Amino acid sequence: MKRPQEDPAEVKRILGSLKAPREDTPIEWEVGDKIRVTEGPFENIKGVVSVVIPDQHWLTALLNIFGRDTPVELNFGQVERL
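Everything in the sequence shown is counted per my numbering, starting at 992 for the first residue and increasing by one.
Shown next as structure tokens:
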């Protein structure tokens, strides 16, 4: 089976759509912090931080989706503290 060829323009488009954390975004997240998603497909959903990866500016939050707590990885710039 042949591997599909990568389209450099598509790779550039995808990487360009990733947002870097905002300068004013706090990096001091802790497990248990209550957050609200501010952008993306889970916008306005509230959750609780379960994992923090400060060197990569990512966290995992448990969001209540369809009645279940679902772990979702988010960039620090996609959430705000409640």
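Ideal Cβ placement from N, Cα and C applies to all residues, glycine included.
Only a predicted model underlies this, so the values are computations on that prediction, with no experimental measurement involved.
From the listed residues L1054, G1031 and V1022, the smallest Cα separation to P1045 is found for V1022.
Taking a contact as a CB-CB distance under 8 angstroms, the pair V1042 and L1065 does not count as one, their CB atoms being some 11 angstroms apart. Of all alpha-carbon atoms in E1030, V1063 and Q1047, the one lying nearest the alpha-carbon of G1038 is that of V1063. As the crow flies, the alpha-carbon of T1061 is around 33 angstroms from that of Q996.
Contact annotation: I1036 and R1072 have beta-carbon atoms that are not nearer than 8 angstroms.
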